[in-house]
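**Student:**
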Amino acid sequence: MKRSLIISLIVLVNNNITRTTADDGEGELNASCNSDKDCRYFGYLCKQNTCQCDQWYIPDKDNKICVGGVDQKCLYDEHCIDGAYCMNQVICKCKRDKSHILDQGFVCAGNSTAHQITVLLLLATTISGIFTII
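Note that the sequence shown covers residues -22 to -1, 1 to 112 in mature numbering (1 follows the signal peptide of the UniProt record, and there is no 0).
1. Measuring alpha carbon to alpha carbon, tell me which residue in Thr103, Tyr35 and Met65 is nearest Gly47.
2. If I measure Cβ to Cβ from Gln50 and keep anything under 6 Å in the same chain, skipping five residues before and after, which residues do I get?
3. Less than 8 Å between the CB atoms is what I'm expecting for Lys73 and Cys86, so what's the real figure, rounded?
4. Within its chain, find whatever has a CB closer than 8 Å to the CB of Asn(-9); leave out the 5 residues flanking it on each side and keep chain order.
5. Using a threshold of 8 Å, is the CB atom of Gly88 nearer than that to any non-hydrogen atom of the ligand ADP?
6. What is the rounded straight-line gap between the Cα of Ala102 and the Cα of Asp81?
7. Go ahead and pull the three-state DSSP assignment for Lys73.
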């Protein structure tokens, strides 16, 4: 009994080490792949033999890695969109000063930014309505 428990524990630890290694650079954005297993553990999928961002993940500003939107899996803060952090090394959440979630969870905005975006959307809607009437 103890022997099988120890073997199971060793296998579990080995699998976690392998997955952590895969999250440290292997199978990054635009790397070649044959299956999803060739890409990073979460946030990526293999599409047309290239590692690409999975649903609810987008390329970072340098187009090097996929970052998760709000409520997506993460391990470190850099795995989350700008304005978010990786809470408990598990899930992306907006930082306290960027608590307004916009654009389907891909933007964490502060009060002033959220207000500016709301005003711009209202303005765009108004302008669109004017051109529809004309």
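Built from N, CA and C at the ideal position, the CB exists for glycine as well.
**Tutor:** Answer, in terms of the structure:
1. Minimum Cα-Cα distance from Gly47 among the listed residues Thr103, Tyr35 and Met65 corresponds to Tyr35.
2. Here the set comprises Trp34 and Cys70.
3. Correct: roughly 6 Å between the Cβ atoms.
4. Note that Asn(-9) has pLDDT 42, beneath the 50 cutoff, so the model's placement of it is unreliable and the number below is only indicative. Here the set comprises nothing.
5. In terms of ligand content, the structure shown is empty, and the ligand ADP therefore cannot be addressed.
6. One C-alpha to the other measures close to 16 Å.
7. Per DSSP, reduced to three states, the secondary structure at Lys73 is coil, with no helix or strand assignment.
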